[in-house]
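Take a look at the structure below.
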Amino acid sequence: MMLFLTAGVVIITTLIGTLISAELSESAH
33 MMLFLTAGVV IITTLIGTLI SAELSESAH
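Here my numbering is used: the first residue of the sequence shown is 33, the next is one more, and so on.
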């Protein structure tokens, strides 16, 4: 159970990080 929770948190964090990076690069242009 703990593994699934950890994997979920990692995936969500990665997705959020990707969205933030995309928005930052967009506003940079």
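C-beta: ideal position from N, C-alpha, C; glycine also.
Output the distance between the C-alpha atoms of residue i and residue j, rounded to the nearest integer angstrom.
i	j	result
V41	S59	27 Å
H61	T46	23 Å
I44	S57	20 Å
M34	E55	32 Å
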